[in-house]
Amino acid sequence: MSLRIGLYAKYLVLLLFSFLALYPIFLMIISSFKSNMEILTSPLGLPHSLAGANYAEVWERVNFGAYVWNSVYVSALSVFFILFLSSLAAFYLSRYPFRWNPYVLFFFMLGLMLPMKLAILPLHMIMLDLHLLDTLTSLVILYVAGGIPFGVFVFYGFFKTLPTELDQSARLDGCNGFQVYYKIILPLMKPALATVGIVHLIGVWNDFFYPLIFLKSEELSTIPLGVLTLFGEYDTEWNLLFASLTISSLPMIIAFLFASKQFIEGLTSGAIK
Numbered sequence: 001m002s003l004r005i006g007l008y009a010k011y012l013v014l015l016l017f018s019f020l021a022l023y024p025i026f027l028m029i030i031s032s033f034k035s036n037m038e039i040l041t042s043p044l045g046l047p048h049s050l051a052g053a054n055y056a057e058v059w060e061r062v063n064f065g066a067y068v069w070n071s072v073y074v075s076a077l078s079v080f081f082i083l084f085l086s087s088l089a090a091f092y093l094s095r096y097p098f099r100w101n102p103y104v105l106f107f108f109m110l111g112l113m114l115p116m117k118l119a120i121l122p123l124h125m126i127m128l129d130l131h132l133l134d135t136l137t138s139l140v141i142l143y144v145a146g147g148i149p150f151g152v153f154v155f156y157g158f159f160k161t162l163p164t165e166l167d168q169s170a171r172l173d174g175c176n177g178f179q180v181y182y183k184i185i186l187p188l189m190k191p192a193l194a195t196v197g198i199v200h201l202i203g204v205w206n207d208f209f210y211p212l213i214f215l216k217s218e219e220l221s222t223i224p225l226g227v228l229t230l231f232g233e234y235d236t237e238w239n240l241l242f243a244s245l246t247i248s249s250l251p252m253i254i255a256f257l258f259a260s261k262q263f264i265e266g267l268t269s270g271a272i273k
């Protein structure tokens, strides 16, 4: 009897935390269907109708389609180069011992200790000298540079768990170093790729700081920067704001649902032998 009570208590706690985590998302979605007056008078109530007028208006009125495309472009390129470059660096550091190996690894780890935002003024001057200011390329470079240290840290630990006999067998079959990485190691590192990919995808997609500093043209704005146009000096259109937040969060929810299994495996791969 006591075991059953303990089991019910665990389920109750899980339901409580699930409710606390999901209710803000539910509230955001239902608010996106309300009028501005409904949100102000009945913020926790259900909408009178489920018409998508707010979505149509925010898409056409504030050029939200361009903001979505800019965010997709920056996020996709940044995550791709982070995964590719950091996995190659970690593979070389873990499989090819050389004299300066520990120092190079420590150099990458410094990137986890020193936040790039402390060097925002030098970065701004560098982008100005390279004529990359007010371009999406500047954001991609910054996100890749800031994301590689964490990727190397995760991939290096993951590669150390893989037996070197896999590399030796592949080389006996005629594979060179890159083919060992591409054909043998890469298919085995899906959990680590999903972990690093989701972490950086969420960070890049939701980042507001770098676009605010390095972008000046409104047509180049990403979603977080574009949503700022919905805040007025004396009034805020909350219905359009919630609609834009729902649109911007939908790709992240879909990405996490598709990669959640690999993501959880990546987080726990080091805890289970």
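Quick note, the sequence shown lines up with residues 1 to 273 if you use the UniProt record's numbering.
C-beta: ideal position from N, C-alpha, C; glycine also.
Per DSSP, cross-strand counterpart(s) of residue i
i, result
"T236", "F231"
Rounded C-alpha distance that separates residue i from residue j
i, j, result
"L139", "L215", "9 Å"
"F84", "L46", "45 Å"
"G270", "F26", "With a pLDDT of 45 at G270, under the threshold of 50, the modelled position of that residue is not reliable, and the figure given next carries that caveat. Distance between the alpha carbons of G270 and F26: 34 Å."
"L7", "S248", "38 Å"
"E165", "S217", "53 Å"
"P187", "I30", "41 Å"
"P115", "R4", "48 Å"
"F158", "A255", "22 Å"
"N54", "L230", "13 Å"
"L110", "G226", "33 Å"
"S49", "P122", "51 Å"
"L133", "Y67", "18 Å"
"Y73", "T135", "12 Å"
"L16", "A9", "11 Å"
"S87", "S32", "40 Å"
"L193", "A145", "17 Å"
"A21", "Y11", "15 Å"
"R171", "V180", "7 Å"
"V58", "H131", "32 Å"
"D207", "M189", "27 Å"
"residue 289", "S42", "Lying outside 1 to 273, the shown extent of the chain, residue 289 is not represented and no answer is given."
Exposure of residue i, with buried meaning 16 or more beta-carbon neighbours within 10 Å
i, result
"D173", "exposed"
"M113", "exposed"
"H200", "buried"
"I185", "buried"
"I272", "With a pLDDT of only 42 at I272, under 50, the local geometry of the prediction cannot be trusted, and the value read off the model is given with reservation. The residue is exposed, with fewer than 16 neighbouring Cβ atoms inside 10 Å."
"K34", "buried"
"I198", "buried"
"Y210", "buried"
"Y23", "exposed"
"E237", "buried"
"W205", "buried"
"G65", "exposed"
"A89", "buried"
"Y156", "buried"
"F150", "buried"
Closest by C-alpha distance to residue i, when choosing among the options
i, options, result
"F242", "L14, F17, E38 and G146", "E38"
"V196", "I148, S71, M125 and K10", "I148"
"S75", "F231, T246, S244 and P224", "P224"
"I141", "W59, I198, M28 and S78", "S78"
"G177", "L15, Y92 and V68", "Y92"
"R61", "L105, Y11, N206 and S244", "S244"
"G52", "T246, P97, N70 and V13", "T246"
"V104", "D167, F153 and P43", "F153"
"E219", "M28, W69, I213 and A56", "W69"
"residue 283", "S94, H131 and M28", "Since the first residue of the chain shown is 1 and the last is 273, residue 283 is not available in this structure."
Three-state class that DSSP yields for residue i in the structure shown
i, result
"L186", "helix"
"R171", "helix"
"T161", "coil"
"L18", "Residue identity check: residue 18 is Ser in the sequence provided, not Leu. Helix."
"D134", "coil"
"Y96", "coil"
"D129", "helix"
"S32", "coil"
"H48", "coil"
"F208", "coil"
"K216", "coil"
"N176", "coil"
"V68", "helix"
"V62", "coil"
"L77", "helix"
"P251", "helix"
"S42", "coil"
"L114", "coil"
Distance cut-off 6 Å: residue i Cβ against heavy atoms of the ligand COA
i, result
"V104", "Of the ligands one can find in the structure shown there are none, so the ligand COA has no counterpart to examine."
Cutoff 7 Å: residue i Cβ touching any chain B Cβ
i, result
"V144", "Annotation note: the requested chain B is absent from the structure, which comprises a single protein chain."
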